[in-house]
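Chains as they are written, first to last, in the numbering used here: chain A, 172 to 420; chain B, 172 to 420.
From the three backbone atoms N, C-alpha and C, an ideal C-beta is built for every residue, glycine too.
Here the structure is a predicted model, which is why all the values come from computation and not from measurement.
A quick write-up on the structure given underneath.
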């Protein structure tokens with residue numbers, strides 16, 4: 172008689188580890204965040220797109236998979252914020268009843284690994300699926316509450332973004348190839364969540380040498396056309412790696 | 172007959188989540204890191220102090236508990252680096268046999284949450300216990316290999332430290348109350364792992380207003396006594412919270 176071997180299934184969800192994604196979108200005016208509604212029955216319950224990881228996948232892969240499953244957004248560069256592990260992070264009553272409806276082990280302790288990204292909103296039209304009944308861009312400053320500890324995660328992501336802008340350039344993937352310094356200024360103001368002196372900002376940006384002036388102005392605008400700029404790709408990417416040595420905003 | 176109720180034990184180790192700590196120590200010359208040897212039988216196998224978390228504890232608590240259990244170091248301010256979750260991170264042969272000797276579920280997927288800290292070495296004399304057969308300070312630049320993915324975690328911690336020094340002050344807990352600018356300079360060089368121009372460094376530090384000159388010089392030194400300085404505590408702590416707005420090294 173051969174010994175019975177219990178074959179481990181290829182894909183097994185790990186009951187204790189999840190990933191959550193904070194996707195920021197810039198609409199040329201303000202920062203927005205991509206949220207899903209996880210419940211049709213109980214009205215709107217906004218949450219960050221997130222779910223348990225599979226035992227065989229990398230955390231980064233899991234984040235990309237979950238984001239695609241819930242919102243349709245694919246191949247986005249995600250950066251890890253860190254792990255969130257308050258033992259009570261999933262014990263709100265509304266969260267528990269939802270977990271009981273979808274999880275195999277709803278009582279298991281779950282720590283989550285949070286990711287964030289910054290994308291151009293017009294390129295990413297969310298398509299909800301899986302347990303997401305809808306997926307929407309909502310202005311960050313209008314969000315007051317989210318499921319689980321997602322509001323706390325959102326605050327951490329905002330803080331990380333503000334910190335990042337002090338040490339390396341941001342914006343390459345957020346602006347069109349040709350842009351005005353006003354658009355870049357708006358982006359930095361949206362991320363830092365405060366007004367920035369225009370002249371000071373321009374002086375700093377020019378000192379960083381990440382943009383160069385084109386021999387071209389805006390066209391078809393209802394105001395006096397502004398000078399157009401482009402990113403100095405090589406220097407920009409170098410600074411993305413090494414960071415600023417003497418700068419901050 | 173009463174229904175049998177299986178009582179959940181208060182303390183249960185979670186098989187899937189661990190914490191690991193990178194404790195940097197400064198000996199007034201170079202950066203060191205606190206490592207443990209986890210095995211008596213198989214020669215030296217350096218590892219970062221780390222272990223599984225209990226289901227009921229916060230990640231931060233777990234990191235402090237594990238650090239104390241393995242090295243005797245207590246109440247250290249630890250900062251999270253992030254989660255490390257390569258599905259193969261614990262599959263080296265030497266790691267597997269060790270795990271089989273100490274873990275209830277040695278085959279379980281483990282993601283680890285890494286922490287780091289910076290302490291004054293003279294204040295922390297490690298006392299190994301639990302499965303640590305020894306605990307030692309080793310110069311960071313002499314480490315070539317560690318258990319699991321701990322070498323990768325160490326590199327991430329070094330990078331984080333370098334990044335941090337660009338955006339907020341470091342050193343308050345690392346230097347005596349009165350110190351020379353040479354000692355501070357040495358600390359920044361050790362963290363940034365490169366020589367820094369002395370005059371440039373002094374200019375930047377003074378511009379940051381984090382130190383002030385005392386009306387006092389060193390005594391009992393075999394060279395010309397240097398001017399002593401002290402940290403401007405209030406301004407220092409403010410910068411620790413808000414970060415530099417215009418600086419970097």
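- Inside the segment 350-379 of chain A, DSSP marks whole alpha helix (DSSP H) runs of 4 or more residues at positions 352-363 and 369-379, from first to last along the chain.
- The closest CA to that of residue 222 of chain B, considering only B:294, B:412 and B:261, is found on B:261.
- Runs of the beta strand (DSSP E) lying entirely within the segment 220-271 of chain A and spanning at least 3 residues, in chain order: 221-225 and 250-255.
- For residue 197 of chain A, the enclosing beta strand (DSSP E) has its first and last residue at 184-197.
- By a beta-carbon distance limit of 8 angstroms, residue 188 of chain B contacts residue 188 of chain A. Their separation comes to about 7 angstroms.
- Following the DSSP letters along the chain, one finds residue 386 of chain B inside the beta strand (DSSP E) bounded by residues 382-388.
- Per DSSP, the beta bridge partners of residue 208 of chain A are A:217 and A:305.
- In terms of CA proximity to residue 327 of chain A, A:311 leads the group A:258, A:264, A:197 and A:311.
- With a 10 Å radius around the Cβ and a threshold of 16 neighbouring Cβ atoms, residue 215 of chain B comes out exposed.
- Residues of chain B with a Cβ closer than 8 angstroms to the Cβ of residue 258 of chain A are, in chain order, 226, 227, 228 and 229.
- Nearest C-alpha to residue 258 of chain A among A:385, A:267, A:282 and A:268: A:282.
- Assigned with DSSP and collapsed to three states, residue 312 of chain B falls in helix.
- Segment contact: the segment 249-258 of chain B against the segment 327-343 of chain B, three or more CB-CB distances shorter than 8 angstroms; contact assigned.
- The beta carbon of residue 279 of chain B is closer than 8 angstroms to those of 186 and 187 in its chain, skipping five residues each way along the sequence.
- In this structure, residue 301 of chain A and residue 248 of chain A do not form a Cβ contact; the two beta carbons are roughly 22 angstroms apart against a cut-off of 8 angstroms.
- Your pair residue 219 of chain B and residue 191 of chain B checks out as a contact, with CB atoms roughly 5 angstroms apart and the cut at 8 angstroms.
- With a 10 Å radius around the Cβ and a threshold of 16 neighbouring Cβ atoms, residue 268 of chain B comes out exposed.
- As the crow flies, the alpha-carbon of residue 263 of chain A is around 22 angstroms from that of residue 224 of chain B.
- Interface residue (Cβ-Cβ distance to chain B less than 8 angstroms): residue 326 of chain A is not classified as such.
- Interface residue (Cβ-Cβ distance to chain A less than 8 angstroms): residue 271 of chain B is not classified as such.
- Just so you know, the alpha carbons of residue 292 of chain A and residue 390 of chain A end up roughly 23 angstroms apart.
- Between residue 367 of chain A and residue 356 of chain A, the CB-CB gap stays under 8 angstroms.
- Contact annotation: residue 297 of chain B and residue 205 of chain B have beta-carbon atoms nearer than 8 angstroms.
- The C-beta of residue 340 of chain A has 16 or more other C-beta atoms within 10 Å across all chains shown, which makes the residue buried.
- A direct Cα-to-Cα measurement between residue 405 of chain A and residue 386 of chain B gives close to 49 angstroms.
- With fewer than 16 other beta carbons inside 10 angstroms of its own, residue 294 of chain A counts as exposed.
- Rounded to whole angstroms, the separation of the alpha carbons of residue 410 of chain A and residue 392 of chain A is 32 angstroms.
- Bridge partners of residue 286 of chain A according to DSSP: A:192 and A:251.
- Taking residue 361 of chain A as reference, the option from A:182, A:199 and A:194 with the minimal CA-CA separation is A:199.
- Cβ-Cβ separation between residue 305 of chain A and residue 349 of chain A: approximately 34 angstroms, too far for a contact (criterion under 8 angstroms).
- Per DSSP, the continuous beta strand (DSSP E) segment holding residue 400 of chain B begins and ends at 398-402.
- Close to residue 280 of chain A, with beta-carbon spacing below 7 angstroms, are these residues of chain B in chain order: 185 and 226.
- If you draw a straight line from the Cα of residue 234 of chain A to the Cα of residue 403 of chain A, it comes to about 31 angstroms.
- The C-alpha of residue 336 of chain A lies about 44 angstroms from the C-alpha of residue 273 of chain B.
- The beta carbons of residue 209 of chain B and residue 318 of chain B sit closer together than 8 angstroms.
- Residue 202 of chain B is bridged by DSSP to B:197.
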